[in-house]
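Take a look at the structure set out below.
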Amino acid sequence: MKKKIITITGAAGNIAYSLIFRILSGDIFERNTKIQLNLLDITTALPILLGVKLEIEDCAFTQLDDVIITDDPEIAFADSDFVLLVGAKPRTKGMQRADLLLDNASIFQKQAKIINDKAKNSTKIIVVGNPANTNALIIQKNAKNIESKNISSLMRLDQNRAKSILSAKTNCKVENIQQLIVWGNHSATQYPDISNCTINNSNDDILSLDPRWISDDFIPRVQNRGAEIIEHRGKSSAASAASAIYDHLNTIVNGSSDWESMGIMTENKYDIDDEIFFSYPLSINKDKINIIDNIELNTSSIEYIKKSEKELLSERDIIKDLL
Ligand code: NAD
Ligand code: LMR
């Protein structure tokens, strides 16, 4: 029997309540692969976690092997194949994600050290808790047994948002939109970039868009979509975030025929500091993640990208003692 151990932190929270059920009912893994879920939350959330476990059992998922609920990270990260780091404080109205940095950074520092000791060295880590890119850097610096290439931060929610907004504007199906990418930080400085985008294998629809719609409507709408959701729901995105984590995990396991965006830390040809988790255009084939490094950037694109890099460098500076 093939088996994968997936650890989810913050498992009693909002995102996890969608994510767990998406993974267990989805088709990321072959049907003959069994899934063991290790669900971690803090001690006071254990009663909720027990309720979540009972609901998982009630679904009678055929791929489920076991569910372990715990407040002990040493148990949660033991032998993990995939670690989904969701557990962290979310922002509320009026906050920027970076305002969470000092509250959340220590969670990631502590967990990194335990992941380092307990998880498989080949484990793949996806960082979701905000500010996700800089938390990923904390993980990378404190979990030296895990290769950097196995750590990524979530940008898929931004990419999905951008695709959906573009699809509504152009009246085209999302599946026919290709090569849409998001550069930089998962923050209001991110740069959703449609310059290389094709719709139905052609760039005609993109070229016919009003440049003012792109700069004054599309880009800020994507950049601020998280805040727009909080404004309406009173809470940050959860189901759409879970869906994006599912897509991200699926891409890591099965690859993708489209360009993808994820926060990764690597040398690059775009003159971006290689000690930050920055979202690049990526091609992903099973275990191989490569930057698409021959994109020509105009002055405006470079300005957006450099602004986001600057923000990530200042976030790094704030938590430098944890690195
Ligand atoms: P939530 O408050 O509903 O759930 C967070 C859970 O984490 C809670 O159950 C809490 O008890 C738990 N937790 C706190 N500290 C923990 C620790 N040390 N170990 C284990 N669990 C811990 O929040 P949510 O809506 O699920 O969001 C979780 C995080 O994801 C937030 O930081 C949010 O901003 C972020 N987020 C990121 C993206 C993205 O695209 N990167 C999208 C949406 C939300
Ligand atoms: C999002 O983009 O919806 C999340 O990062 C939550 C937030 O704080 O905006």
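Sequential numbering from 254 applies to the sequence shown in my numbering.
Beta carbons: idealized from backbone N, C-alpha and C, even for Gly.
Quick caveat, the model's predicted, so the values are computed rather than measured.
{"Item": "Cross-strand partners of S493 (DSSP beta bridge)", "Value": "Paired residues: none, contrary to the question."}
{"Item": "Bounding residues of the alpha helix (DSSP H) (the contiguous stretch that carries Y523)", "Value": "Careful: Y523 lies outside any alpha helix (DSSP H) and carries neither H nor E."}
{"Item": "Beta-carbon gap between K257 and F335 smaller than 8 Å", "Value": "yes"}
{"Item": "Neighbourhood of Y499 by C-beta, 8 Å cutoff - its chain only, sequence neighbours within 5 removed", "Value": "L272, R275, I276, G279 and I281"}
{"Item": "Per-residue burial, L390 [other beta carbons within 10 Å of its own, 16 or more giving buried]", "Value": "buried"}
{"Item": "Beta-carbon separation (whole angstroms), S406 vs F530, contact threshold 8 Å", "Value": "5 Å"}
{"Item": "Check: I281 C-beta below 7 Å from any heavy atom of the ligand NAD", "Value": "no"}
{"Item": "Spatial distance of K541 from L337 (CA atoms)", "Value": "19 Å"}
{"Item": "Cβ shell of N285 (< 7 Å), same chain only, five flanking positions each side left out", "Value": "K255"}
{"Item": "Element boundaries [beta strand (DSSP E), containing F274]", "Value": "Premise fails: F274 lies in the alpha helix (DSSP H), N267 to S278, not in any beta strand (DSSP E)."}
{"Item": "Unbroken alpha helix (DSSP H) run spanning V305, endpoints", "Value": "L299 to D311"}
{"Item": "Rounded distance between the beta-carbons of K342 and D356, thought under 8 Å", "Value": "5 Å"}
{"Item": "Inter-stretch contact at 8 Å, needing at least 3 Cβ pairs: the stretch 465 to 473 / the stretch 361 to 379", "Value": "no"}
{"Item": "Residue from I309, M515, L566 and N543 with nearest C-alpha to K522", "Value": "N543"}
{"Item": "Sub-8 Å separation of L317 and V305 beta-carbons", "Value": "no"}
{"Item": "I482 CB to nearest heavy atom of the ligand LMR below 7 Å", "Value": "yes"}
{"Item": "Nearest residue (CA-CA) to K363, options I537, A396, I430 and I259", "Value": "A396"}
{"Item": "Residue from S417, P326, K377 and A365 with nearest C-alpha to I505", "Value": "K377"}
{"Item": "Reduced DSSP secondary structure (H/G/I, E/B, other) of T376", "Value": "coil"}
{"Item": "Closer than 7 Å: A298 CB and nearest the ligand LMR heavy atom", "Value": "no"}
{"Item": "Complete alpha helix (DSSP H) runs within the stretch 415 to 497 (minimum length 4 residues, chain order)", "Value": "457 to 460, 472 to 476 and 478 to 486"}
{"Item": "S510 to I452 span [Cα, whole Å]", "Value": "15 Å"}
{"Item": "Contacting residues, own chain, Cβ-Cβ under 6 Å from Y557 (five flanking each side not counted)", "Value": "Y444"}
{"Item": "With 16 other Cβ atoms within 10 Å as the buried cut-off, status of D458", "Value": "buried"}
{"Item": "Residues bridged to N538 [DSSP beta-bridge criterion]", "Value": "K541"}
{"Item": "Cβ-heavy atom distance, G479 to the ligand LMR, below 7 Å", "Value": "yes"}
{"Item": "Test item: CB-CB of L303 and I328 under 8 Å", "Value": "no"}
{"Item": "Uninterrupted beta strand (DSSP E) stretches inside the stretch 308 to 371 (no shorter than 3 residues)", "Value": "317 to 323 and 335 to 338"}
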